[in-house]
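Asks: Take a look at the following structure, please.
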Amino acid sequence: MPPAVQTAPTLVFGWGNPSRGDDALGPLFCERIEALRLPGVECLTDFQLQVEHALDLAGRRRVLFVDAALAGAQPQEPAALAAGFHAHTITPARDASFTTHTMSPQSVLQVYRQVLGSDPPPAWLLAIHGIGFELGDGLSAAAAANLDRALAWAEHWLRENGATNAPFQV
Amino acid sequence: MGFELETALPSDQPLQRVAIDPVSRVEGHGKVTLLLDAQNRVHQVRLHIVEFRGFERIAQGRPYWEIPVMVQRLCGICPVSHHLAASKAMDLIVGARQLTPSAEKMRRLMHYGQILQSHALHFFHLSSPDLLFGFDSEVARRNIVGVIADHPDIAKKGVLLRKYGQEVIRHTAGKRVHGTGSVPGGVNKSLSAEDRAAMRGEIEQIVLWCREAVELIKRLHLHNRALYDGFGAFRSNIMGLVAPDGALDLYHGALRVRDADGNIVLDQADYQGYETLLTEEVKPWSYMKFPYLTALGPQLGWYKVGPLARIQNCDYIPTPHAEAERREFCDHAGGKPFAGTLGYHWARMVEMLFAAESIERILADDDLEGRELTVQGERRREGVGVIEAPRGTLIHHYRVGDNDLVTMANLIVSTTHNNQAMNTAVREVAKQYLDGREITEGLLNHIEVAIRAYDPCLSCATHALGQMPLEVLLADADGNTLDYVLRDHEHTIRRPPAPAGGIAL
Chain A
-15 MPPAVQTAPT
-5 LVFGWGNPSR
5 GDDALGPLFC
15 ERIEALRLPG
25 VECLTDFQLQ
35 VEHALDLAGR
45 RRVLFVDAAL
55 AGAQPQEPAA
65 LAAGFHAHTI
75 TPARDASFTT
85 HTMSPQSVLQ
95 VYRQVLGSDP
105 PPAWLLAIHG
115 IGFELGDGLS
125 AAAAANLDRA
135 LAWAEHWLRE
145 NGATNAPFQV
Chain B
273 MGFELETALP
283 SDQPLQRVAI
293 DPVSRVEGHG
303 KVTLLLDAQN
313 RVHQVRLHIV
323 EFRGFERIAQ
333 GRPYWEIPVM
343 VQRLCGICPV
353 SHHLAASKAM
363 DLIVGARQLT
373 PSAEKMRRLM
383 HYGQILQSHA
393 LHFFHLSSPD
403 LLFGFDSEVA
413 RRNIVGVIAD
423 HPDIAKKGVL
433 LRKYGQEVIR
443 HTAGKRVHGT
453 GSVPGGVNKS
463 LSAEDRAAMR
473 GEIEQIVLWC
483 REAVELIKRL
493 HLHNRALYDG
503 FGAFRSNIMG
513 LVAPDGALDL
523 YHGALRVRDA
533 DGNIVLDQAD
543 YQGYETLLTE
553 EVKPWSYMKF
563 PYLTALGPQL
573 GWYKVGPLAR
583 IQNCDYIPTP
593 HAEAERREFC
603 DHAGGKPFAG
613 TLGYHWARMV
623 EMLFAAESIE
633 RILADDDLEG
643 RELTVQGERR
653 REGVGVIEAP
663 RGTLIHHYRV
673 GDNDLVTMAN
683 LIVSTTHNNQ
693 AMNTAVREVA
703 KQYLDGREIT
713 EGLLNHIEVA
723 IRAYDPCLSC
733 ATHALGQMPL
743 EVLLADADGN
753 TLDYVLRDHE
763 HTIRRPPAPA
773 GGIAL
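Structure below.
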């Protein structure tokens, strides 16, 4: 299903609930990137990833998924821990969830493959570390600092405008 | 007094513990714990789900008119359900006892768009892989080969059905995420002729796909009746809203309860009195409460909600194709409420068809383009709004002071209503598939399949990355870890060192 209008080659898709503390990192990242008005970059946000977002990937050269990550929840390189974010390439995979209330970006890529019958564009996942996710809370100071570092670093990559598909190097 | 297998009885044998931790989100935390003896016989089964918290706190002190929009932040999956339930409660606050025809039809259209997209997501994305490819049953795999061949484009239809539902929401609520269409006393916009024509242009295809979806789940079910009828089967009451004439109505009505034999034990009960009708029991081992019908008590008064309850609770469905499918389902059940957990899937598709037919019917109504959008009446201090959300009955209750600020909020979400039913389903599956066997990934997946049928809401809308979807800890009664397994998104099994202190059970 090709998109009807001209599609920006780079999609930045951030998701999270702006009312749940550091869960707002994904949408805030998109808001800040959008303000830069980078050529060839489009930003989309939603509360949660869902199957129809696979259609938003059509016609892209690369996709950057952005979400909050619970700091320390996954084994990480010391450099990533110090930077407050980490990133890596992702490939299609079906979720193992038992609920529609969570969906991974890998699963969105899998839906793309199922629905459009071809491989999705190269995709990366940028996870910005957060510490507090209570309903009604604002962004923590630590998450705000991590967001600044992630933005500074991602802006450089995005300005390359797809010149390289190399994964992020922290 | 508890239920069978809720709490282990005294045993002279050492017991092992198994923890399944499929979704370890920051707040939404679902976990199943099994207490086994040395022969792997089940002694205790509990489903732990953390109830969402915090909304009541942040609602207090907010102006009542903000609540229908604000409450959508609770859930990224069914924000429209919260939007409408809160609006219905606030209708009473502003004295709007009867909405204008345009307002009610806009809300109904929005609601059926939500039902359509939510049910499509659940069936096509979450459940159909299990149902099509089987979950540890070679017999099932052989039987469904022909079904798969007939539905090569199932994933695509699922996405497009959901996309259509999202478009209905966008046109009625103003935008796809966090719409503002419903307000206390009515709606703030009617439908444009252009938007209405766009939706009407596609609805015939949508209804057709929904009919095919019912056929698909029906074939799957009937191809393996023993599995589908018996999996996680248990008797219970069923509860939901029905219209005054007993018709299925997911937007508005009064409460009806049937017992496990299908007899009506409560009918046309005004939900404004839900606090008298229902009691929420607290159990020391669970964060989520256990509601029951006060008149019947905790042992006999618990119930199921959601699609399986609703299509069997009503007297009829007021759209032709869905009604024909409901009759076929009820005939299959044999005159009593169907007890099998996998019946939720069949019932959910009947409801999806009902939603599509309802959208088609409402779109034909010129009131959607009307100009009279809101009404007001005598101001009140308290209101209860109830709606049948995709997963079941959703209750919003507010009190508002003379200064227009909310002083009290109480919500009972569908997953809470289903808490005892889900626990019972997991126990039945554990008895059926785990008792006396080695613990394997396939067997554990049967428990996930049972939970998945209910599509529980796990503390909506928080989902930070970084945790594994499936986590299993096996330990003995002394807390010594015997095994620890993580399963990632690709279903790859890893056995890293167990976390210090294990998983709290």
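Protein chains in written order, with this note's numbering: chain A, -15 to 154; chain B, 273 to 777. Built from N, CA and C at the ideal position, the CB exists for glycine as well.
1. Looking at the unbroken alpha helix (DSSP H) that takes in Gly502(B), where does it start and where does it end?
2. Identify the continuous beta strand (DSSP E) that holds Glu553(B) and give its terminal residues.
3. Where His301(B) and Ile321(B) are concerned, what is the direct C-alpha to C-alpha distance, given to the nearest angstrom?
4. Distance, Cα to Cα, Ala127(A) vs Glu600(B)?
5. Helix, strand or coil for Pro570(B)? Go by DSSP, reduced to three states.
6. Measuring straight from C-alpha to C-alpha, what distance separates Ile74(A) and Gly451(B)?
7. Could you give the residue range of the beta strand (DSSP E) that holds Thr665(B)?
8. How long is the line joining the alpha carbons of Cys350(B) and Ile339(B), rounded to whole angstroms?
9. Which residues does DSSP list as the beta-bridge partners of Trp(-1)(A)?
10. Would you say Val647(B) and Ile365(B) are within 8 Å of each other, going by their C-beta atoms?
11. For Ala357(B), does the count of other Cβ atoms within 10 angstroms reach 16, so buried, or fall short, so exposed?
12. Which residues mark the beginning and the end of the beta strand (DSSP E) in which Val678(B) is found?
13. Can you check which of these residues, Glu139(A), Pro11(A) and Ala53(A), is closest to Ser3(A) by C-alpha distance?
14. Specify, as a first and last residue, the run of the alpha helix (DSSP H) that His37(A) falls within.
15. Report the CB separation of Val35(A) from Phe(-3)(A) in whole angstroms; it is logged as a contact under 8 Å.
16. In this structure, how does DSSP classify Asp425(B) when only helix, strand and coil are distinguished?
17. Would you say Gln32(A) lies against chain B (beta-carbon separation less than 8 Å)?
18. With 8 Å as the threshold, decide whether the Cβ of Gln438(B) is near any Cβ in chain A.
19. Taking C-alpha atoms, which residue in Leu371(B), Arg442(B), Ala470(B) and Val486(B) lies nearest to His593(B)?
20. Please go through the same chain and pick out, in chain order, the residues whose beta-carbon is closer than 7 Å to the beta-carbon of Leu737(B), but skip the five residues on each side of it.
21. Strictly below 7 Å CB to CB, what residues from chain A border Ala427(B)?
22. Going along chain B in order, which residues have a C-beta closer than 9 Å to the C-beta of Ser3(A)?
23. Taking Arg380(B) and Tyr523(B) to be in contact with their CB atoms under 8 Å, please state how far apart those CB atoms are, rounded to whole angstroms.
24. Taking Leu39(A) as the query, report the chain B residues whose CB atoms sit under 8 Å from its CB, ordered along the chain.
25. Looking at the strands, I want to know which residues DSSP matches up with Met511(B).
26. Can Leu614(B) and Tyr500(B) be called in contact, C-beta distance under 8 Å?
27. Along the region 107 to 122 of chain A, what residues have a CB closer than 7 Å to any CB found in chain B?
28. Please say whether Ala532(B) and Arg507(B) have beta carbons closer to each other than 8 Å?
29. For Leu327(B), which residues in chain A fall below 9 Å Cβ to Cβ?
30. Helix, strand or coil for Gly655(B) per DSSP?
31. At least one CB of chain A closer than 8 Å to the CB of Val685(B): is that the case?
32. As an exercise, report each continuous beta strand (DSSP E) stretch of at least 3 residues that is fully enclosed by the region 602 to 627 of chain B, in chain order.
33. How big is the Cα-Cα spacing for Leu20(A) and Leu131(A)?
34. Just how far apart, CA to CA, sit Ala77(A) and Arg318(B)?
35. Taking 8 Å as the cut-off, decide whether the C-beta atoms of Val449(B) and Ser359(B) are in contact.
36. Under three-state DSSP, which class holds Ile115(A)?
Replies: Working from what's here:
1. On the second sequence, residue 502(B) is found 230 positions in, with the first residue counted as 1. Taken as a continuous stretch (DSSP letters only), the alpha helix (DSSP H) holding Gly502(B) covers Arg497 to Gly502.
2. Residue 553(B) sits at position 281 when you count from the first residue of the second sequence. Where Glu553(B) is concerned, the enclosing beta strand (DSSP E) stretches over Leu550 to Glu553.
3. Translated into positions along the second sequence, residue 301(B) becomes position 29. Translated into positions along the second sequence, residue 321(B) becomes position 49. For His301(B), the predicted structure reports a pLDDT of 47, less than 50, and the residue's modelled location is therefore unreliable. The matter cannot be settled from this model.
4. For the purposes of this step, residue 127(A) is taken as the residue at position 143 of the first sequence. For the purposes of this step, residue 600(B) is taken as the residue at position 328 of the second sequence. One C-alpha to the other measures close to 54 Å.
5. For the purposes of this step, residue 570(B) is taken as the residue at position 298 of the second sequence. If DSSP states are grouped into helix, strand and coil, Pro570(B) belongs with the helices.
6. Counted from its first residue, the first sequence places residue 74(A) at position 90. Counted from its first residue, the second sequence places residue 451(B) at position 179. Approximately 32 Å between the Cα atoms of the pair.
7. Looking up residue 665(B) in the second sequence gives position 393. Looking at the DSSP string, the run of the beta strand (DSSP E) that includes Thr665(B) is Gly664 to Val672.
8. Position 78 of the second sequence, counted from the first residue, corresponds to residue 350(B). Position 67 of the second sequence, counted from the first residue, corresponds to residue 339(B). C-alpha separation (whole angstroms): 16 Å.
9. Numbered from 1 along the first sequence, position 15 holds the residue referred to as residue -1(A). Trp(-1)(A) pairs with Asp30(A).
10. Mapped onto the second sequence, residue 647(B) falls at position 375. Mapped onto the second sequence, residue 365(B) falls at position 93. Result no, Cβ atoms of Val647(B) and Ile365(B) do not sit closer than 8 Å.
11. Taking the first residue of the second sequence as 1, we reach residue 357(B) at position 85. Buried: at least 16 other Cβ atoms inside 10 Å.
12. Numbered from 1 along the second sequence, position 406 holds the residue referred to as residue 678(B). Val678(B) -> beta strand (DSSP E) spans Val678 to Ile684.
13. Position 19 of the first sequence holds residue 3(A). The residue with the shortest Cα to Cα distance from Ser3(A) is Pro11(A).
14. Sequence index remark: in the first sequence, residue 37(A) carries index 53 (1-based). First-last for His37(A): undefined, no H or E at that position.
15. On the first sequence, residue 35(A) is found 51 positions in, with the first residue counted as 1. On the first sequence, residue -3(A) is found 13 positions in, with the first residue counted as 1. Actually they do not touch by this definition, with Cβ atoms about 14 Å apart.
16. As a first step, residue 425(B) must be located in the second sequence, where it is residue number 153. Here Asp425(B) sits in coil by DSSP.
17. Translated into the one-based positions of the first sequence, residue 32(A) becomes position 48. So yes, Gln32(A) belongs to the interface.
18. Sequence index remark: in the second sequence, residue 438(B) carries index 166 (1-based). At least one chain A Cβ lies under 8 Å of Gln438(B).
19. Residue mapping note: residue 593(B) aligns to position 321 of the second sequence, counting from 1. Answer by Cα proximity: Val486(B).
20. Numbered from 1 along the second sequence, position 465 holds the residue referred to as residue 737(B). At Leu737(B) the pLDDT is 42, less than 50, meaning the model places this residue with poor confidence; the figure from the coordinates comes in the next sentence. The answer is none, since no qualifying residue turns up.
21. Within the second sequence, the letter at position 155 stands for residue 427(B). Neighbours of Ala427(B) on chain A, chain order: Val95, Gln98 and Val99.
22. As a working mapping, residue 3(A) is identified with position 19 in the first sequence. Ile330, Met342, Arg345, Leu346 and Ala733, listed in chain order.
23. Against the second sequence, residue 380(B) aligns to sequence position 108. Against the second sequence, residue 523(B) aligns to sequence position 251. Indeed, because the Cβ distance is near 5 Å, the residues count as touching under 8 Å.
24. Along the first sequence, read from residue 1 onward, the residue named residue 39(A) stands at position 55. What Leu39(A) touches in chain B: Val431 and Lys435.
25. What you label residue 511(B) is simply residue 239 of the second sequence in a count that begins at 1. Partner(s): Val529(B).
26. For the purposes of this step, residue 614(B) is taken as the residue at position 342 of the second sequence. For the purposes of this step, residue 500(B) is taken as the residue at position 228 of the second sequence. Yes, the Cβ-Cβ distance between Leu614(B) and Tyr500(B) is below 8 Å.
27. Ala111, Gly114, Phe117, Glu118, Leu119 and Gly120
28. Position 235 of the second sequence, counting from 1, holds the residue named residue 507(B). Position 260 of the second sequence, counting from 1, holds the residue named residue 532(B). In this structure, Ala532(B) lies closer than 8 Å to Arg507(B) by Cβ.
29. Within the second sequence, the letter at position 55 stands for residue 327(B). Note on residue identity: the sequence assigns Phe, not Leu, to residue 327(B). Those within 9 Å of Phe327(B) in chain A are Leu119 and Gly120.
30. Position 383 of the second sequence, counted from the start, is the residue given in the question as residue 655(B). Strand at Gly655(B).
31. Working through the second sequence from its first residue, we reach residue 685(B) at position 413. No - not a single Cβ of chain A is within 8 Å of the one on Val685(B).
32. none
33. Walking along the first sequence from the start, residue 20(A) turns up at place 36. Walking along the first sequence from the start, residue 131(A) turns up at place 147. Cα-Cα distance, rounded: 15 Å.
34. Taking the first residue of the first sequence as 1, we reach residue 77(A) at position 93. Taking the first residue of the second sequence as 1, we reach residue 318(B) at position 46. Cα to Cα, the separation comes out at about 30 Å.
35. For this step, residue 449(B) is matched to residue 177 along the second sequence. For this step, residue 359(B) is matched to residue 87 along the second sequence. No, the pair does not count as a contact, with Cβ atoms beyond the cut-off.
36. Within the first sequence, the letter at position 131 stands for residue 115(A). Ile115(A): coil per DSSP, three-state reduction.
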